[in-house]
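Trainee: All residue numbers for the sequence shown refer to full-length UniProt numbering, where the first residue is 1 and numbers rise by one. We treat Cβ as the ideally placed atom computed from N, Cα and C, and that holds for glycine. Just passing along the structure, written as structure tokens.
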Amino acid sequence: MRQQLGCEYLTWLEKTPLEALHQGEREHRSIPLLMEHSLKQVSDPARACLGVTGILALQPFEAEIMDIALEISADDANRSLGELVDFGLLIRPDTRYQITHALAHTYARAWLTSPDSALTRLAEYYEDFIREQMQRGQTRYALLDSQRDHILAVRSACNRAGLWEAARTITWAIEEYLDLQGHGTERVAVVKAGLEASRSDEARYDEASFLNLLGLAYARLGEPRKAIEHYEQALKISREIGYRRGEANTHWNMSLAQDSLGKRSDAVGLAKEALAIYEQIESLYAGRVRQQLAEWQQ
1 MRQQLGCEYL TWLEKTPLEA LHQGEREHRS IPLLMEHSLK QVSDPARACL
51 GVTGILALQP FEAEIMDIAL EISADDANRS LGELVDFGLL IRPDTRYQIT
101 HALAHTYARA WLTSPDSALT RLAEYYEDFI REQMQRGQTR YALLDSQRDH
151 ILAVRSACNR AGLWEAARTI TWAIEEYLDL QGHGTERVAV VKAGLEASRS
201 DEARYDEASF LNLLGLAYAR LGEPRKAIEH YEQALKISRE IGYRRGEANT
251 HWNMSLAQDS LGKRSDAVGL AKEALAIYEQ IESLYAGRVR QQLAEWQQ
């Protein structure tokens with residue numbers, strides 16, 4: 001019965017195919033009408049699955065994602081996704097699924113709002129996935145590469161929804177991978193989003209840490225002056241809240257930035273300040289700083 005209805009619907013859709021809507025404003029006026037007609041044909045579970053595709057990137061995804069986000073069985077997920085395929089809303093290029101059109105994806109994101117619980121579960125899933133792959137080393141980075149767009153889309157969705165804790169935790173998980181893989185510009189954008197989340201949530205320890213990370217990201221991009229600007233903000237907050245480790249980390253990072261600008265004496269002074277705190281809190285970083293100071297002062 002479902003396939004029969006799907007065939008009837010696709011016959012109707014052929015009279016006004018999505019490809020015919022690429023005519024400026026007409027496509028933006030027409031796509032909601034097409035989508036509304038489409039969604040009247042599908043079940044509520046299928047509609048919920050389509051809503052989840054609006055959280056994800058416009059890339060193929062596994063059916064397992066629906067199991068996780070909506071807490072449904074694998075059979076129910078595949079049944080609902082198959083329904084969306086029958087009605088021309090998804091395609092299945094291989095074992096995965098993908099939404100058929102960019103404007104349909106935009107509609108799903110804007111109008112088919114998924115519950116915060118679904119978004120939180122996706123963020124937690126991807127956070128665990130990132131950490132697991134990172135622990136396994138570079139041989140597993142290909143899997144992370146294949147999911148990067150979805151991870152970044154989920155992180156952005158957390159910020160849009162005001163799920164600040166989820167936004168912060170997924171940012172912590174992904175930024176190191178972006179750094180190691182050389183995605184410097186993406187890393188800056190992600191850390192900025194983490195900073196926004198920490199400020200919105202008044203999480204001052206995270207705010208200081210994200211400012212420090214943002215400085216590191218700019219330093220990696222060869223912008224030491226911009227890095228120092230963010231280190232100075234991080235240092236101010238760390239002092240205000242008594243975050244000694246953060247203060248030491250920032251002094252150390254600032255020393256490296258100053259040295260890259262040819263200001264060796266400033267670098268030495270900052271490194272000594274970092275060392276004093278590292279020794280007080282018995283941090284293993286103290287040894288690294290001592291070694292660098294010895295090289296600088298030869």
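Quick one: measure Cβ to Cβ for Ile237 and Ala208, integer angstroms, because I've assumed they're closer than 8 Å.
Mentor: Right, the Cβ-Cβ distance comes to about 4 Å (below 8 Å), so this counts as a contact.
Trainee: Does the beta-carbon distance from Val52 to Leu70 come in below 8 Å?
Mentor: Yes, the Cβ-Cβ distance between Val52 and Leu70 is below 8 Å.
Trainee: Hey, could you find the ends of the alpha helix (DSSP H) Asp201 is sitting in?
Mentor: Asp201 -> no alpha helix (DSSP H), and no H or E assigned at all.
Trainee: Pairs of beta-carbons, one from the segment 81 to 93 and one from the segment 120 to 127, closer than 8 Å: are there three or more?
Mentor: Flag = no, the segment 81 to 93 and the segment 120 to 127 do not touch.
Trainee: Cutting at 6 Å between CB atoms, please list the residues of its own chain near Ala219, excluding the five before and the five after it.
Mentor: Around Ala219: Ala227, Ala257.
Trainee: With a threshold of 7 Å on Cβ separation, who are the neighbours of Arg187 within its own chain once the five nearest residues in sequence on each side are excluded?
Mentor: Counting only Cβ-Cβ distances below 7 Å, and skipping sequence neighbours, we find Glu175, Leu178, Asp179, Ala217.
Trainee: Got a sec? Which residues, its chain only, sit under 7 Å from Leu261 by beta carbon, not counting five neighbours each side?
Mentor: Answer for Leu261: Pro224, listed in chain order.
Trainee: How would you call Leu195, buried or exposed, if buried means at least 16 neighbouring beta carbons within 10 angstroms?
Mentor: That one is buried.
Trainee: Kindly identify the DSSP beta-bridge partner or partners of Leu90.
Mentor: Leu90 is bridged to Ile99.
Trainee: Please state if the CB of Gly215 and the CB of His230 are separated by a distance shorter than 8 Å.
Mentor: Closer than 8 Å, so yes.
Trainee: Assuming His105 and Gly54 form a contact by the criterion Cβ under 8 Å, report the distance between their Cβ atoms to the nearest whole angstrom.
Mentor: With 8 Å as the limit, His105 and Gly54 qualify as a contact, their Cβ atoms being about 7 Å apart.
Trainee: Straight-line CA distance for Asn249 to Ala157?
Mentor: Cα to Cα, Asn249 sits roughly 30 Å from Ala157.
Trainee: List the residues that DSSP assigns as beta-bridge partners of Phe61.
Mentor: BP columns for Phe61 point to Tyr97.
Trainee: Can you tell me whether Arg136 is helix, strand or coil according to DSSP?
Mentor: Coil at Arg136, not helix or strand.
Trainee: I need the boundaries of the alpha helix (DSSP H) containing Val154, first residue and last residue.
Mentor: That run of the alpha helix (DSSP H) goes 141 to 161.
Trainee: Tell me whether Asp67, by its Cβ, gets closer than 7 Å to a heavy atom of the ligand FMN.
Mentor: Although the ligand FMN was asked about, the structure shown includes no ligands whatsoever.
Trainee: Leaving aside the five residues before and after Val191 along the sequence, list all residues of the same chain whose C-beta is less than 8 Å from its C-beta, in chain order.
Mentor: Closer than 8 Å at Cβ, skipping near neighbours: Thr171, Glu175, Phe210, Leu213, Leu214, Ala217.
Trainee: Looking at Ala286 and residue 303, is the spacing between their C-beta atoms short of 8 Å?
Mentor: The displayed coordinates of the chain run from 1 to 298. Any statement about residue 303 would go beyond what the structure contains.
Trainee: Grab me the residues of Arg199's own chain with a C-beta within less than 7 Å of its C-beta, minus the 5 sequence neighbours each way, in chain order.
Mentor: Hits under 7 Å: Glu207.
Trainee: Taking the runs of the alpha helix (DSSP H) that are 4 residues or longer, which of them lie wholly in the segment 171 to 232?
Mentor: Entirely contained in the segment 171 to 232, the alpha helix (DSSP H) runs reaching 4 residues are, in chain order, 184 to 200, 204 to 220.
Trainee: Can you tell me whether DSSP reads Leu70 as helix, strand or coil?
Mentor: It is helical.
Trainee: Just list the beta strand (DSSP E) runs in the segment 238 to 286, keeping only unbroken ones of 3 residues or longer that don't cross its boundaries, in chain order.
Mentor: Here no run is fully enclosed.
Trainee: Would you give the residue range spanned by the alpha helix (DSSP H) that Pro45 belongs to?
Mentor: 44 to 55 is the span of the alpha helix (DSSP H), which, as asked, contains Pro45.
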